[in-house]
Structures are given as structure tokens and as C-alpha cells.
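Asker: Protein chains in written order, with full-length UniProt numbering: chain Z, 1 to 262; chain C, 1 to 289.
Just so it is clear, CB atoms sit at the ideal spot from N, CA and C, and this is done for glycine as well.
For reference, the structure I am asking about is given below.
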Amino acid sequence: MSTASQSRTSIPRLEVRGLQVSYGATRVVHGVSFAVQAGSVVGVVGESGSGKTTIARVIAGELEPSAGAVLLDGHALGPRTRELRRAIQVVYQDPFSSLNPRMTVVQVLAELLRVHKIVPRAQIRGRCAELMDLVRLPASVLDAYPRQLSGGQRQRVAIARALALGPRILVADEPTSALDVSVQRTVLDLLADLQRTLGLTIVLISHDLAVIHRLCDRVVVMRAGEIVEDSGAQEFFAAPRSPYSQALLDAAPRLAGRPADL
Amino acid sequence: MTAGSAVETAEDVTRGSAPLWRRMARTPAFVAGTVITVSVILAALLAPVLATHDPAAQNLLGGLQGPSGEHWLGTDQLGRDIFSRLLFAARTDLRIAGLAVIIPFVIGVVAGTTSGYFGGFFDWVVSRVVDTVVAFPFYVIVVAVVFAVGAGEKGIYVALALVGWVTYARVLRATTAVHARSGWVTAARGGGLSHARIIGRHILPNTLTQAIVLLMNDIVFVIVAVVTLSYLGLGVQPPTADWGTMISDGQAFVATKWWLSVVPGAAVVYTGIGLSLLGDGVADVWRVE
Chain Z
1 MSTASQSRTS
11 IPRLEVRGLQ
21 VSYGATRVVH
31 GVSFAVQAGS
41 VVGVVGESGS
51 GKTTIARVIA
61 GELEPSAGAV
71 LLDGHALGPR
81 TRELRRAIQV
91 VYQDPFSSLN
101 PRMTVVQVLA
111 ELLRVHKIVP
121 RAQIRGRCAE
131 LMDLVRLPAS
141 VLDAYPRQLS
151 GGQRQRVAIA
161 RALALGPRIL
171 VADEPTSALD
181 VSVQRTVLDL
191 LADLQRTLGL
201 TIVLISHDLA
211 VIHRLCDRVV
221 VMRAGEIVED
231 SGAQEFFAAP
241 RSPYSQALLD
251 AAPRLAGRPA
261 DL
Chain C
1 MTAGSAVETA
11 EDVTRGSAPL
21 WRRMARTPAF
31 VAGTVITVSV
41 ILAALLAPVL
51 ATHDPAAQNL
61 LGGLQGPSGE
71 HWLGTDQLGR
81 DIFSRLLFAA
91 RTDLRIAGLA
101 VIIPFVIGVV
111 AGTTSGYFGG
121 FFDWVVSRVV
131 DTVVAFPFYV
141 IVVAVVFAVG
151 AGEKGIYVAL
161 ALVGWVTYAR
171 VLRATTAVHA
181 RSGWVTAARG
191 GGLSHARIIG
201 RHILPNTLTQ
211 AIVLLMNDIV
221 FVIVAVVTLS
231 YLGLGVQPPT
241 ADWGTMISDG
251 QAFVATKWWL
261 SVVPGAAVVY
271 TGIGLSLLGD
281 GVADVWRVE
């Protein structure tokens with residue numbers, strides 16, 4: 001790990017320190033540590049069962065680690081208060097199950113704005129429309145139920161829901177892997193644009209190196225619950241340090257004649 | 001902004017949501033169930049207006065008459081007008097069934113939802129109690145409770161409240177448990193919403209439809225239970241008119257004056273069919289694809 005480069009920067013927005021997680025007697029994450037600087041995108045890659053989603057769940061507070069800590073702006077996170085939950089938002093893999101089938105988009109967004117008193121009551125509808133604009137959905141979507149929306153539209157709604165709370169960190173757990181290939185690209189473009197314009201800090205969990213390549217500044221490679229590589233995105237794609245990373249890169253499908261574009 | 005998103009958002013976002021009344025009108029079971037149920041409720045409400053005689057007025061010299069211009073459905077052994085008693089019996093039975101079904105509904109929904117949502121020890125306790133109650137034959141436990149509490153309306157309410165809630169608790173527990181582990185509940189929790197809000201505003205709207213359909217079907221069951229208890233002499237006490245007592249009173253004369261029992265029996269069947277259809281109709285109308 002490049003401890004030298006980290007000590008030069010300020011306190012990281014998010015830090016995972018010595019994280020161990022067990023499901024029952026089986027330990028699935030064995031002492032994982034990495035840091036995410038404010039305004040950067042860190043990709044966590046690895047095959048199924050490598051523990052990447054487990055780490056996302058611990059960061060989101062859905063799962064208690066058996067050892068180690070998650071630090072937000074230098075403070076170790078204990079029991080999640082409403083404010084802490086608000087600060088760390090998650091976009092889930094499956095947009096078909098992450099939206100309540102009986103609530104319209106505006107109901108979902110307005111409830112969050114109201115409960116957290118983010119904008120005055122009179123401006124709630126306007127703020128919801130702004131959020132739709134932000135994720136490039138027409139305002140007419142506000143009154144739609146999830147079943148009336150396509151997968152890509154739902155995922156945009158899920159992103160809008162996360163952004164409504166003005167999170168300090170956004171955890172995207174395989175945000176495109178449940179979508180059609182043609183739609184994946186547009187959702188990734190959106191995340192990239194949002195990251196740039198809003199200065200979002202994102203932890204992106206993915207098994208898809210093309211997704212990582214598109215978005216990330218830094219890549220953490222996991223295997224069997226341990227980190228095997230943690231390096232800058234350019235270094236990683238140019239010259240991966242671990243043999244496993246090299247194997248991952250070699251396994252990624254490429255189109256003939258476009259070797260540079262993963 | 002990008003070409004891809006434009007193609008995607010051009011999709012029709014209003015597809016598949018006909019207004020509620022349209023879906024109601026297009027569901028035959030709902031329409032038929034509503035018509036029948038409303039006709040029974042109207043008969044009950046308008047009983048004082050529609051009745052041709054005082055339902056309790058006896059005329060011992062004019063007992064057991066057949067249908068005539070004076071008594072449309074004849075008279076019973078005490079000379080009381082059967083048509084008038086039939087209407088007033090609808091009042092009694094609908095009122096008792098309505099009240100007797102609400103208490104177990106509320107208890108069952110609360111117990112089932114909380115145990116399904118939180119799980120753990122409370123869930124274990126609720127599930128074991130439900131299993132125990134389910135293990136008893138329904139009428140055995142109801143008759144036993146009515147004996148203990150005393151015959152009459154109060155006994156019916158207590159007995160049905162003690163037994164009836166388990167149906168709702170079981171169904172609500174199962175559906176709530178599924179939703180409580182769903183992505184959208186995790187997301188709502190991650191959005192900083194309280195458990196109370198998630199249960200009330202997110203989960204219940206998804207589970208209550210099923211509970212209400214169950215309630216519709218349960219009313220039928222409760223009406224039959226009330227009629228049965230009254231038939232056994234444990235329910236509605238004379239001289240209050242009720243279908244069960246009327247069937248029971250007519251039983252002695254069933255060989256010669258068959259309509260004495262058949263007419264109130266038909267009223268029970270008619271009401272039952274109406275409520276069953278309405279229950280099915282509500283399920284169809286409110287179903288989320």
C-alpha cells in the first residue's frame with residue numbers, strides 16, 4: 001500500500017481499517033484496510049464471494065464487523081444515527097427490488113426530504129423535479145410507480161434517492177450489472193458526470209473492469225476476503241502489481257481491434 | 001443529454017395504470033360482489049322502513065301461515081312475520097359479524113406485522129401461540145369460550161377475537177417477513193427512516209390488501225359462525241331476530257313448512273356469496289403486477 005502518498009493528503013473521507021466480517025462461524029473478510037479521499041472514486045473489484053458486497057454492507061451500516069472500524073472524516077462510526085445513515089448512501093445492484101412497488105417516485109423522494117427537513121415543505125416538489133433533472137429523467141417520471149419504469153430509469157431513480165440526502169459518500173454496489181448492456185453505459189456516464197459536477201466521493205463495487213476503468217481513480221482488488229492490490233487506476237491498468245490482478249485483466253473480454261478499450 | 005438516455009426516457013411512463021374505478025368496473029367479481037353486498041346492507045339499514053310488521057309482534061292464533069298478501073313469506077310458530085324478521089335479522093347478523101371481525105383483524109395485523117418485521121424472540125412467541133390456536137378445532141374452542149364467557153353477543157366477540165386473529169397474524173407475518181428483507185426496506189432504513197415509519201408507510205400498504213381480502217372472506221366465516229352459535233342456542237338470544245335462530249326455530253316444522261328454515265338459510269348463502277365475490281374482486285382490483 002502506498003502509505004507515503006496518503007500521508008501527504010488530508011484525512012480521508014472514508015477509511016476502512018482492519019475490517020473483519022463473519023457470517024456465523026465463517027469469516028469472509030480477513031482484515032481489510034483502504035482509504036477513500038474526498039472527491040475520488042475508489043473501485044473495489046473481485047470475483048463473486050471475494051467479500052466486496054460484504055464490505056459495502058458494512059460501510060452502509062447494514063452489517064456489523066466482527067473486528068475493525070469504518071471511519072468517516074476521521075471519526076470511527078458507532079451505532080448508526082439518522083445523520084450517519086444520511087451521510088452514507090447506497091445504490092443497490094438490483095433496481096427492480098430496491099424501489100417500493102406501492103410508492104411513486106415523488107413519494108419516495110419527498111418523504112426523505114421531509115423527514116430530514118432538507119428543504120422547506122413548499123419547495124419539496126421543486127426539489128424533486130431538480131433531482132429528476134440531475135439524473136436526466138423527465139419530470140413526468142415523478143408520478144410513476146416503479147413497475148412503469150425500465151431498469152435504467154429505476155436505477156436513475158435510485159441514484160436520485162441517494163443524492164436527495166446529500167450524502168458525504170456514495171456506495172454503488174454493482175450499479176449496472178442488473179441492467180441491459182445498452183443501458184449500462186448511460187448509467188455509468190451519468191455517475192461519471194455527477195461525480196465530476198457534484199464532487200461526489202464514490203465507493204464503486206464491481207466485478208466488471210470496464211466499469212472500474214470508466215470511473216475510478218483508485219482500484220482495490222479483493223480475493224477471498226483479502227486485498228491483493230491497492231493502486232492508482234492508471235498504474236493498475238498499465239501494470240498491475242499482483243499476479244491475480246494480471247489474471248483478472250487478462251480475463252476481461254476485449255473487442256478485436258480495440259485493445260485499449262476494455 | 002446522451003443519446004442513450006434520450007431513447008430510454010422516451011418510453012411511455014404511464015403505461016399500465018388504469019384509474020381505480022375503471023379497474024373496478026372491469027372486474028366482474030367486484031361488481032357482482034358489490035351489488036349483492038350493498039343490497040344486503042341496504043336491507044339491513046332500511047329494515048324499519050321495508051318491514052311490513054313488527055319483527056317481534058306475536059300472533060299466536062296466526063302461527064305457521066304460508067306466504068300470502070298479508071305475510072309475504074308467511075309466519076313462524078309464534079305468528080311473527082318472517083319477511084320482517086328476515087330484514088331485522090340482517091341487521092343483527094351484519095352488525096355482530098362486522099364487529100366480531102374487526103377486533104381479530106386489528107390484533108392479527110399488529111401481531112403479524114411486528115413479528116414478521118422484527119423477528120427474534122417476539123416472533124418466536126407469536127408463532128408458537130398461533131400454532132397452538134390453529135391446532136384446536138375452531139368450533140370446539142369457540143363453543144368452549146362462549147360457555148365460559150356466557151352466551152350472547154359478548155361471548156361471540158370474545159371467542160372470535162381469541163381465535164380469529166391467528167389467520168391474519170400468519171398471513172401478515174409471512175408477507176411482512178418477505179418485505180422486511182427486501183431491497184427497498186434496506187434502502188428506506190439506509191435513508192434514515194424510523195422502523196415505525198417503514199412499517200406504517202412502506203410495508204403495510206404492501207401487505208394490507210391481502211389482509212383486507214382475508215377480512216372479506218372472514219366476514220362470511222364469522223356470519224356462519226354467529227348463525228351456527230345461535231342455532232346451537234349460544235349466540236343471539238330471543239327475541240332478537242337472527243338468521244341462525246330462525247333456521248333453528250323452523251327446524252321442527254321442516255317437513256311441512258320447509259320455507260321457515262330455507263328462507264333464512266338462503267339469506268345466509270346470498271350474503272356469503274356476495275362477500276366472497278367482493279373479497280375476490282378487491283384482490284383483483286388492488287393486485288400489483
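Determine the burial state of W184 (chain C): buried for a count of at least 16 other Cβ atoms within 10 Å of its Cβ, exposed for fewer.
Answerer: Buried is the call here.
Asker: Listing by chain order, which chain Z residues have their CB less than 8 Å from the CB of T176 (chain C)?
Answerer: Simply none; closest approach about 14 Å.
Asker: CB-CB under 8 Å to V108 (chain Z), same chain, minus the five flanking residues each way: which ones, in chain order?
Answerer: The residues are L99, N100, V157 and R161.
Asker: What three-state label does DSSP hand H75 (chain Z) in the structure shown?
Answerer: DSSP places H75 (chain Z) in strand when its eight states are reduced to three.
Asker: Going by other Cβ atoms of all chains shown within 10 Å of its Cβ, with 16 needed for buried, is K154 (chain C) buried or exposed?
Answerer: Exposed, since its Cβ has fewer than 16 Cβ neighbours within 10 Å.
Asker: When DSSP labels each residue in this structure, what does G274 (chain C) get in the three-state scheme?
Answerer: If DSSP states are grouped into helix, strand and coil, G274 (chain C) belongs with the helices.
Asker: As an exercise, report each continuous beta strand (DSSP E) stretch of at least 3 residues that is fully enclosed by the stretch 73-142 of chain Z, in chain order.
Answerer: If we require 3 residues or more, the beta strand (DSSP E) runs fully inside the stretch 73-142 of chain Z come out as 88-91.
Asker: Taking 8 Å as the threshold (beta carbon to beta carbon), is Y92 (chain Z) in contact with chain C?
Answerer: Chain C, which has a Cβ nearer than 8 Å to the Cβ of Y92 (chain Z), makes this yes.
Asker: Going along the chain, which residues of its own chain have a beta-carbon closer than 7 Å to the beta-carbon of L179 (chain Z), five neighbours each way excluded?
Answerer: Closer than 7 Å at the Cβ level, and outside the excluded window around L179 (chain Z), lie G151, G152, Q155 and V187.
Asker: Assuming G18 (chain Z) is part of the beta strand (DSSP E), what are its boundary residues?
Answerer: Its beta strand (DSSP E) spans residues L14 to Y23.
Asker: How many angstroms separate the CA atom of Q148 (chain Z) from the CA atom of S140 (chain Z)?
Answerer: Whole-angstrom Cα-Cα distance: 11 Å.
Asker: Give me whichever residues DSSP pairs with M246 (chain C) in a beta bridge.
Answerer: M246 (chain C) pairs with nothing; no bridge assigned.
Asker: According to the neighbour-count rule (16 or more other Cβ atoms, all chains shown, within 10 Å of its Cβ), is P28 (chain C) buried or exposed?
Answerer: By the 10 Å Cβ count, P28 (chain C) comes out exposed.
Asker: For L78 (chain C), tell me which candidate among C:S68, C:I203, C:V254 and C:P55 has the shortest Cα-Cα distance.
Answerer: For the residues C:S68, C:I203, C:V254 and C:P55, the minimum Cα distance to L78 (chain C) belongs to C:P55.
Asker: Check whether the Cβ atoms of L204 (chain Z) and A172 (chain Z) sit closer than 8 Å, and answer yes or no.
Answerer: Going by C-beta atoms, L204 (chain Z) is nearer than 8 Å to A172 (chain Z).
Asker: Rounding to the nearest angstrom, what Cα-Cα distance links E70 (chain C) and R287 (chain C) in this structure?
Answerer: Spanning the two alpha carbons is a distance of roughly 49 Å.
Asker: Does L64 (chain C) come out as helix, strand or coil in the three-state DSSP assignment?
Answerer: Coil.
Asker: Less than 7 Å between C-beta atoms, sequence neighbours within five positions excluded: which residues of the same chain meet that for R189 (chain C)?
Answerer: Around R189 (chain C): I198.
Asker: By a C-beta neighbour count over all protein chains shown, 10 Å radius and 16 as the cutoff for buried, is A4 (chain Z) buried or exposed?
Answerer: Unreliable positioning characterises A4 (chain Z) in this predicted model, as indicated by a pLDDT of 43, which lies under 50. The coordinate reading is nonetheless provided below. Exposed, because fewer than 16 other Cβ atoms sit within 10 Å of the Cβ of A4 (chain Z).
Asker: Enumerate in chain order the residues of its own chain whose CB-to-CB distance from A151 (chain C) is below 6 Å, with the five nearest sequence positions on each side excluded.
Answerer: For A151 (chain C), where only same-chain residues beyond five positions count, the Cβ hits under 6 Å are L234.
Asker: Is V62 (chain Z) close to chain C? Criterion is C-beta to C-beta, closer than 8 Å.
Answerer: It is Glu, not Val, that sits at residue 62 (chain Z) in the sequence shown. Judged by the 8 Å Cβ criterion, E62 (chain Z) is in contact with chain C.
Asker: Answer yes or no: do L172 (chain C) and I219 (chain C) have a C-beta to C-beta separation smaller than 8 Å?
Answerer: No, Cβ-Cβ distance for L172 (chain C) and I219 (chain C) is not below 8 Å.
Asker: Between the stretch 49-68 of chain Z and the stretch 23-30 of chain Z, can you find at least three pairs of beta-carbon atoms closer than 8 Å?
Answerer: Flag = yes, the stretch 23-30 of chain Z and the stretch 49-68 of chain Z touch.
Asker: Can you list, in chain order, the stretches of the alpha helix (DSSP H) that have 4 or more residues and sit fully within the stretch 35-92 of chain C?
Answerer: Here the runs fully enclosed are 47-50.
Asker: Tell me whether T53 (chain Z) is buried or exposed, calling it buried when 16 or more other Cβ atoms sit within 10 Å of its Cβ.
Answerer: Buried: at least 16 other Cβ atoms inside 10 Å.
Asker: Can you give me the C-alpha to C-alpha distance between A129 (chain Z) and L142 (chain Z), rounded to a whole angstrom?
Answerer: So the alpha carbons of these two residues sit roughly 7 Å apart.
Asker: With DSSP as the reference, label V13 (chain C) as helix, strand or coil.
Answerer: Because the pLDDT at V13 (chain C) is just 42, under 50, the model does not fix this residue reliably, and the point stays unresolved.
Asker: Would you identify the three-state DSSP class for E226 (chain Z), choosing helix, strand or coil?
Answerer: Of the three classes helix, strand and coil, the one that applies to E226 (chain Z) here is strand, per DSSP.
Asker: Indicate whether at least one CB of chain C lies closer than 8 Å to the CB of V115 (chain Z).
Answerer: Yes, V115 (chain Z) lies at the interface with chain C (some Cβ there is under 8 Å from its Cβ).
Asker: Cα separation between V221 (chain Z) and E229 (chain Z)?
Answerer: Roughly 5 Å between the two C-alpha positions.
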